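Structure first, commentary second.
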Amino acid sequence: FDTGAVLYRYDYFMPKKKLNLARFYNFYQGQFGTPEADYQNAKQGDVTDFACNGHFIWHAGYRWKADFCIRQYKKYPKIFDMHLYMAMVGAGKKGFIVTLMAQGVSKENALALARRFIAEIRPNAPRPDAGQAGGAP
93 FDTGAVLYRY
103 DYFMPKKKLN
113 LARFYNFYQG
123 QFGTPEADYQ
133 NAKQGDVTDF
143 ACNGHFIWHA
153 GYRWKADFCI
163 RQYKKYPKIF
173 DMHLYMAMVG
183 AGKKGFIVTL
193 MAQGVSKENA
203 LALARRFIAE
213 IRPNAPRPDA
223 GQAGGAP
């Protein structure tokens, strides 16, 4: 197996105007997947299943759905793979998904990396309700 890789990805979605909101949300939800397919560095018997913890959070003026997933190497119990997904929600027919992956790290370093990564996310686009009183949460 391989360890030591750190990968990140940003995906911005803004569909054509003819796509209605329900169809966009269906598409957008499909982009927010489980991490198993993204990890080819270890065989199933070498690692535990991913354990994920998800929450809705406020960050940088936006609401996000954030999932933090971690799996452990069976022969090396202090080594983990980490996966962080964050999807901006409540922005109409616009979407922004942030993905962070780290392979072969300690649990403490995985958490520290995720916290630091989240702290640096600052979308440049104005909020869809900017300047409106009582905007959507």
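Residues 93 to 229 (this note's numbering) are what the sequence shown spells out, left to right. All C-beta atoms, glycine included, are put in the ideal place defined by N, C-alpha and C. Predicted, not measured: the structure shown is a model, and the values here were computed from it.
- For F105, there is no enclosing alpha helix (DSSP H); the residue is part of the beta strand (DSSP E) that begins and ends at 98-105.
- In this chain, the alpha helix (DSSP H) harbouring Y117 covers 113-123.
- Around the C-beta of R214, fewer than 16 other C-beta atoms lie within 10 Å, and the residue is accordingly described as exposed.
- Here Q195 is not near A114, since their CB atoms are 8 Å or more apart.
- Membership of A183 in any alpha helix (DSSP H) is not indicated, and neither H nor E is assigned to it by DSSP.
- According to the DSSP assignment, F209 belongs to the alpha helix (DSSP H) that extends over 199-211.
- Assigned with DSSP and collapsed to three states, G196 falls in strand.
- Here I162 is buried, its C-beta having at least 16 other C-beta atoms within 10 Å.
- CA-CA distance, H151 to M178, rounds to 10 Å.
- Between Y117 and F105 the beta-carbon gap is near 11 Å, outside 8 Å, which marks them as no contact.
- Bounds of the beta strand (DSSP E) holding I149 are 143-151.
- For L99, the number of other beta carbons within 10 angstroms of its own is below 16, and it is reported as exposed.
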